[in-house]
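In what follows, a structure is listed as C-alpha cells, so that the remarks can point back to it.
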Ligand code: UD1
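Numbering (the numbering used here), first residue to last: -2 to 356.
Here it is in C-alpha cells:
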C-alpha cells in the first residue's frame, strides 16, 4: 500500500512553502492529501497564491476562519482530528510557524500520526511573538525536522533532538522564488504611478508590536516616508493593519497604500525596489536571495543568516533607527550579502528523498 502524507497549509506564508513540495511529491512514490485550514480565506491572502503558484485545489478545507489564537487553534484541532478519525494518513507535514502549523501537529501527534516540520528549529527567543510559541510547541512533538540553516540544527540539538532526526535541506520558500522569478509581473500600481527600477521602496508591516497601536504605526510610516527622500513608498496592506489604519488620518503624498498583492506581483515589486522595509521573516529571506537591501523593524530574528550572510539589517521597532539606515543606503554603503548554504532551489527534492527513505 502506498504511503499518504497530509500537507497542511493555512496562512499566506505557508503557500509558497508547500508549492514545491507538492510538485516533488507528484514525481515520487508517495501520495499526499492537501488540507487548507482556512486560517486565511480572503482571495488576496489565499486563492491568488494557489493560482499564481499552480497549487492544486485543496482536497479538504477546514474553514476555521478568524478568531482569537485559542479559538483558531482549537477550531483547527477539532476539525483536523475529525478528519483523521474518519480517514487517517501516515504522516502530517506542517510548514512554518503559523497557528495552523501548531494546531495540526498537536492533533496528529495525539493520534500517534508522525509529524514532519519543514522550517524546524528556528528561534527568535521572543515569546511575545505568537509564531515563537508555535515553533516551540511544534518542534517539541515533531518526528522529522527539516531545517533551513545550521543554526536551526544547533537549536534543535540543544533541545536534545537526536541528529538522525534532523535534516538540513535548505529553504522551500527559495525553491518557489527561483522557480518563478522569470514569471514575476508588474502590479497595476507599477504603471499607475510610473515606478522606475531602483527608485521606490516597498513596505510591509503586520506584526502586532508594530501595527496594533495606530499612533506608533503612524510614527513608523512617517519615518519611512522621510527616509525615502521623495521616492515613492509602496505599502501593500495586510487586513490586520488595514483595520488599524482606518482609525488614523495619514497625509503622506509619497506613501501609496494598496491591497495585498499576489505572489508574482509582490516579488516583482521587491526585486526592482531600492530597498524593502518590513517586519516579516520570510521576506527577509527573499530579499537576501534577490540581493535587495532589507530593513527589518523588529528586535530579533529567527533567521539570523539573513543578517550575517544576507542583505538584512535588524533595526528594532523604534522609528529613530530608520534615519541612519536610510543614510547608509543612500550613501551606497549597504552590504551586498550572499546566498545562504543550500538555498539553491532543490530543497523540496531533498525533503521528498528523505521522506521516501524514512516512511
Ligand atoms: C498570520 C501568521 C503570521 C504571518 C501572517 C502573514 C499566525 C500566528 N500568524 O498572521 O505568522 O506572518 O499570517 O499574513 O498564524 N484576516 C482577513 N482575511 C484573511 C485572514 C485574516 O481579513 O484572509 C484578518 C482577520 O481579521 C484576522 C486578522 O486578519 O483576525 C489576522 O489574521 P490571523 O490569521 O489571525 O493572523 P495574521 O495576522 O494574518
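We treat Cβ as the ideally placed atom computed from N, Cα and C, and that holds for glycine.
Simplified DSSP assignment, three categories, for residue i
i	result
residue 98	helix
residue 181	coil
residue 314	coil
residue 34	coil
residue 292	strand
residue 239	helix
residue 8	coil
residue 233	strand
residue 194	coil
residue 263	helix
residue 323	helix
residue 1	strand
residue 113	strand
residue 163	strand
residue 201	strand
residue 207	helix
residue 108	coil
residue 57	strand
residue 39	coil
residue 136	helix
residue 172	helix
Status (buried if at least 16 other CB within 10 Å, exposed otherwise) for residue i
i	result
residue 183	exposed
residue 66	exposed
residue 180	exposed
residue 31	buried
residue 193	exposed
residue 358	Nothing about residue 358 can be reported from this structure: the residues present for the chain run from -2 to 356 only.
residue 244	exposed
residue 309	buried
residue 14	buried
residue 299	buried
residue 84	exposed
residue 125	exposed
residue 156	exposed
residue 51	exposed
residue 335	exposed
residue 118	buried
residue 229	buried
residue 56	exposed
residue 37	buried
residue 345	buried
residue 257	buried
residue 278	buried
Closest residue to residue i among the options (Cα-Cα distance)
i	options	result
residue 113	313, 1, 282	1
residue 331	273, 241, 226, 355	273
residue 142	271, 148, 116	116
residue 33	165, 9, 24	9
residue 41	250, 148, 197, 259	259
residue 264	175, 196, 95, 55	175
residue 234	50, 255, 340	255
residue 306	269, 224, 339	339
residue 17	173, 262, 106	173
residue 70	131, 319, 100	100
residue 329	195, 77, 80, 109	195
residue 322	290, 333, 343	290
residue 248	215, 261, 236, 204	215
residue 167	341, 246, 148	341
residue 123	283, 206, 285	206
residue 227	136, 187, 253	253
residue 354	242, 164, 312	164
residue 53	76, 39, 20, 72	20
residue 285	171, 348, 210	171
Opening and closing residue of the beta strand (DSSP E) in which residue i lies
i	result
residue 309	309 to 311
residue 143	141 to 144
residue 125	No beta strand (DSSP E) holds residue 125; DSSP gives it neither H nor E.
residue 275	272 to 275
residue 92	88 to 92
Expected contact under 8 Å - CB spacing of residue i and residue j to nearest Å
i	j	result
residue 266	residue 231	6 Å
residue 160	residue 154	7 Å
residue 296	residue 314	6 Å
residue 11	residue 64	With a Cβ gap of about 18 Å, residue 11 and residue 64 do not count as contacting.
residue 199	residue 270	5 Å
residue 95	residue 35	Contact doesn't hold; Cβ gap of about 12 Å is too wide.
residue 140	residue 162	7 Å
residue 377	residue 352	Outside the displayed range of the chain (-2 to 356) lies residue 377, so it cannot be described from this structure.
Range of the contiguous alpha helix (DSSP H) that encloses residue i
i	result
residue 216	211 to 224
residue 50	45 to 50
residue 153	147 to 155
residue 352	344 to 355
residue 254	From DSSP, residue 254 is part of no alpha helix (DSSP H) but of the beta strand (DSSP E) over 252 to 255.
residue 280	279 to 287
residue 73	66 to 83
residue 304	302 to 305
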